[in-house]
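Encoded as structure tokens, the structure appears first; notes follow it.
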Amino acid sequence: MSSSHLSGIDGNAGEVVMTKGRRNLLIGGAIVGLIYGLRAAPWDLLPGRGPRYVAIEGLSPFRRLEEGGRISTGSAAFVGLDPPDDSESERRGQIELVRSDLCGALFGPDARDGAIPVAYFSEYRCPYCRKLERDLADVVEADPGTLRVIQHEWPIFGASSELFARASVAAARQGLQQPLRKRFMQMPLVADEGSVLRVAADLGLDTDRLASDMASAEVAAELGRTRALASVFGFIGTPGLVIGRTVLNGAISQSLLRQIIADETSLPPIEC
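If you're matching positions, the sequence shown starts at 13 in the working numbering and goes up one per residue.
Shown next, in the form of structure tokens:
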């Protein structure tokens with residue numbers, strides 16, 4: 013057989029191998045794409061797979077999801093860094109106080125403004141909170157006026173978290189809570205009050221007033237109310253949500269978040 017004929021056979025064989033290789037690559041890519049597509053699909057919205065609600069005993073009209081999401085919790089590594097605990101009598105007094113006006117403590121004085129109130133419990137070092145906040149922002153941007161988000165700072169990771177929570181609550185008194193929160197959510201750690209005040213000054217806050225408010229009894233009382241609310245609803249970590257009458261502890265998919273909001277929209281305004 014001539015060398016030219018052999019060369020032709022080898023060339024054809026090479027083309028066959030390359031064709032099979034491309035086909036296998038395409039098949040492999042399709043399989044990978046299918047797997048990731050299935051994982052990303054909103055399975056929680058399929059018939060029979062939607063949100064399942066359970067009434068919370070002793071907390072009518074509130075209900076919870078049968079299953080929660082992913083949460084961040086404090087750990088033994090931070091024991092000793094937390095601010096001094098309230099006495100048992102003070103803690104019980106705070107719980108009774110928020111129970112006496114649960115909607116007011118959760119949602120503030122504008123609970124009847126027509127929007128679905130969302131009480132949001134967060135901790136600036138909570139990674140799941142960051143994802144949930146983006147999803148909440150997307151919902152608010154897509155349909156303005158549907159939700160009214162009420163911020164509840166719940167520091168569970170020690171002294172640094174407590175410092176940030178005080179700064180956040182104090183900044184709300186100057187109408188700049190969210191810009192301050194967004195800036196610090198992008199930072200790894202709030203080390204001291206000096207770093208807080210430097211960022212606050214950069215955002216245009218009155219730093220003298222901020223420092224004074226951070227140390228005030230009013231800010232301490234607000235954080236105490238948040239701790240009491242977290243206790244009432246049985247939160248064990250952040251994020252925590254009360255969307256209308258639906259209580260959820262943990263981050264969830266945006267599709268499930270939208271379904272809960274749709275379910276709340278279909279119901280009469282919450283009365284409590």
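Beta carbons: idealized from backbone N, C-alpha and C, even for Gly. This one's a predicted model, so the numbers in the text were calculated from it and none came from an experiment.
In this structure, the beta-carbon distance from residue 163 to residue 189 falls below 8 Å.
Residue 176 and residue 272 have their C-alpha atoms roughly 30 Å apart. Under the three-state reduction of DSSP, residue 165 is assigned to strand. When only Cα atoms are considered, residue 209 and residue 219 end up about 6 Å apart. Counting along the chain, residue 253 sits inside the beta strand (DSSP E) bounded by residues 252-255.
DSSP, read as helix, strand or coil, puts residue 263 in strand. The beta carbons of residue 66 and residue 244 sit no closer together than 8 Å. Between the C-alpha atoms of residue 227 and residue 283 there is a straight-line separation of about 35 Å. Excluding residues up to 5 positions away in sequence, nothing lies with its Cβ nearer than 6 Å to the Cβ of residue 221 in the same chain.
With a 10 Å radius around the Cβ and a threshold of 16 neighbouring Cβ atoms, residue 201 comes out exposed. In the structure shown, residue 269 falls within a helical segment according to DSSP collapsed to helix, strand and coil. Looking at 268, 258 and 275, the one whose alpha-carbon comes closest to that of residue 131 is 258.
The region 151-166 and the region 97-107 do not touch, with fewer than 3 CB-CB distances between them shorter than 8 Å.
The beta carbons of residue 251 and residue 136 sit no closer together than 8 Å.
Judged by DSSP in its simplified three-state form, residue 213 adopts helix. For residue 178, the closest alpha carbon among the candidates 187, 205, 155 and 152 is that of 205.
Beta bridge pairing from DSSP links residue 160 with 129.
Under DSSP, the beta-bridge partners assigned to residue 66 are 76. In the displayed model, residue 134 falls within a strand according to three-state DSSP.
By alpha-carbon distance to residue 148, the top candidate from 281, 128 and 182 is 128. Taking residue 232 as reference, the option from 174, 191, 112 and 119 with the minimal CA-CA separation is 174.
Nearest C-alpha to residue 146 among 267, 64, 169 and 171: 267. A straight-line Cα-Cα distance of about 7 Å links residue 165 and residue 235. Between residue 107 and residue 240, the beta carbon gap of about 5 Å places them in contact (Cβ cut-off 8 Å).
Between residue 217 and residue 183, the gap from beta carbon to beta carbon is short of 8 Å. Taking each of 143, 181, 170 and 121 in turn and checking the Cα distance to residue 229, the smallest one comes out for 181. Taking a C-beta distance under 8 Å as the contact criterion, residue 63 and residue 275 qualify as a contact pair. With respect to the 8 Å criterion, residue 76 and residue 269 are not classified as neighbours on the basis of their beta carbons. Under the DSSP definition of a beta bridge, residue 258 partners with 75 and 255.
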